[in-house]
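Residue numbers (the numbering used here): 2 to 198. Take a look at the structure below.
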């Protein structure tokens, strides 16, 4: 029994050392997911999680690589596709963002977030008619999507002057979210948008 006790103590000491080593390896989320990828390099979830934390840390080039790896491993990974599209747009690759999100819309035509993000990409490119069409489609998926109402109100009030189209979206946005961070701007657009006679 003394020998069994000694073996049990040795096993516990070994497990404690391994646990301490594991905790040291996981000092933060980036090291946690980097370590996970060492064990399973084709894990799309690990690539995605690492990309999220890299992007949050401002390491956009590395985040882009990890998002691309996640999508390569799982081509229908919706969150990775939309985050990659947004990241490309934020980095100034507006054409790349639009292409990627157009492809995502083909895979997920009824996903609000993909439609909305594609509309944002088109808006950033200055393709206001296409942006408006995608925002309108987003509203068919969720008629109460405040950000789509705000974006459409802005496009119709400022970019494609069409007051008759702008006013209902601006009013609806304020009905849905009177305290939205952009509500003061929406009120300003409402004041400046002259209804047609």
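Think of the CB as a built atom: it goes at the ideal place given N, C-alpha and C, for glycine as much as any other residue.
Secondary structure of residue 77 (DSSP, three-state): coil. Annotated three-state conformation of residue 109 is coil, per DSSP.
For residue 127 and residue 75, the gap between their C-alpha atoms comes out near 31 Å.
For the pair residue 51 and residue 95, the Cα-to-Cα distance works out to about 23 Å. Taken in chain order, the unbroken stretches of alpha helix (DSSP H) that lie wholly in the segment 41 to 104 and span 4 residues or more are 45 to 57, 61 to 74 and 79 to 91.
Residue 136: member of the alpha helix (DSSP H) spanning 129 to 142, first to last residue. The continuous alpha helix (DSSP H) containing residue 169 extends over residues 164 to 177.
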